[in-house]
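In terms of UniProt numbering, the sequence shown is residues 1 to 272. Idealized CB from N, CA, C, for every residue including glycine. Single-structure report; data block below.
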Amino acid sequence: MKKSNNNNKKASSSSSSSSEQADSIDIIKFPRTHHLFSTNKEVTRDDLVMDEKDAAREFYAPSLGPQVTLEEKVDGSNLGITLDIESYKLRCQNRSHYVTCQSHAQFKTLQLWLDEHSSELFSLLSDNNNGYILYGEWMYAKHSIYYDQLPDTFIAFDIYDKHAEKFVSVQLRNQLLLNHAPTISIVQPLPILNSPHLTKQVLLNLLENQKSIYCSPELNQPIEGVYVRVDEGNYLKTRSKVVRSDFIQAIDTHWSGQELVKNRVDFSLKYN
1 MKKSNNNNKK ASSSSSSSSE QADSIDIIKF PRTHHLFSTN KEVTRDDLVM
51 DEKDAAREFY APSLGPQVTL EEKVDGSNLG ITLDIESYKL RCQNRSHYVT
101 CQSHAQFKTL QLWLDEHSSE LFSLLSDNNN GYILYGEWMY AKHSIYYDQL
151 PDTFIAFDIY DKHAEKFVSV QLRNQLLLNH APTISIVQPL PILNSPHLTK
201 QVLLNLLENQ KSIYCSPELN QPIEGVYVRV DEGNYLKTRS KVVRSDFIQA
251 IDTHWSGQEL VKNRVDFSLK YN
């Protein structure tokens, strides 16, 4: 994986003041993820697609075994949470700019969520000499999929080690969250169906048959897609994704131009 500071730090174009623009230069933006393969339906002209030989070597090799993790790709807003060491305040970023509860209607409960989890977040993000950024999906508003069985408004999926300039492994991510922030929900793994190792057909079968864990059976909602992670030791080695073609078609009309619909959170649910 390329070092994040080579291609992920970008100044915000949407900040309302020069100070916010200056702050945004230091944002470590979550990197774009390549599609593992394309069926010419689910990939747009701006998407990145892996070379077939690279995909075979990095994801399909039988020797990878337990290093490969499949996770449900959920349809929310990318949110990074970091600790500002100077002000000792939590800061939230959505892609290339910082956001607050006043930034957009979908973030209206963000400060309440931060307050509720503040002690856990401070513990996690100050660890490793203030070295971590927590990334996840903010699920308050429906985008293209309506979720009615969410365990919380935020679902964590990655932790970035600023000192190593790498994302940590699934095992280390889960352990850090368990140790520091056990009430924060983590995205759930998916099974590799009826196969000793990952193949393209396994992924196609998942897209066809796997229902979202975050939707009730009555909705009969297929997953949006699958994130494929390969770890090496304590760090992520590489990642890719596959996405349903009907999901891409559904986002032709962007959700933000429509009336906001809240997803449903059931705090009695806990998938970790």
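Considering only C-alpha positions, which residue in the set Asp158, Leu178, Leu206 and Ile155 is nearest to Ser123? Leu178
Give the list of continuous alpha helix (DSSP H) stretches no shorter than 4 residues that lie fully inside the region 86 to 157. 110 to 116 and 118 to 130
Member of Lys142, Gln149, Asp161 and Leu198 whose CA lies at the smallest distance from the CA of Asn234: Asp161
Below 8 Å on the Cβ atoms is my guess for Leu260 versus Ala141; work out the distance and round it to an integer in Å. 5 Å
Bridge partners for Arg239 per DSSP, in chain order? Arg239 is bridged by DSSP to Arg229.
Can you look up Ser14 in the DSSP assignment and give me helix, strand or coil? Note that Ser14 has pLDDT 33, beneath the 50 cutoff, so the model's placement of it is unreliable and the number below is only indicative. Correct three-state label for Ser14: coil.
Sort out for me which residues DSSP pairs Tyr160 with in a bridge. Note: Tyr160 is bridge-paired with Ile133 and Phe167 in the DSSP secondary-structure output.
What distance in whole Å lies between the Cβ atoms of Leu150 and Tyr214, which are believed to be in contact at a cut-off of 8 Å? Correct: roughly 5 Å between the Cβ atoms.
Hey, out of Glu137, Lys53, Cys101 and His197, whose CA is closest to Leu64's CA? The shortest C-alpha to C-alpha distance from Leu64 to any of Glu137, Lys53, Cys101 and His197 is the one to His197.
Option nearest Lys29 by Cα separation, candidates Thr69, His97 and Tyr60: His97
Contact check, Val230 vs Val68 under 8 Å by CB: the rounded distance? 6 Å
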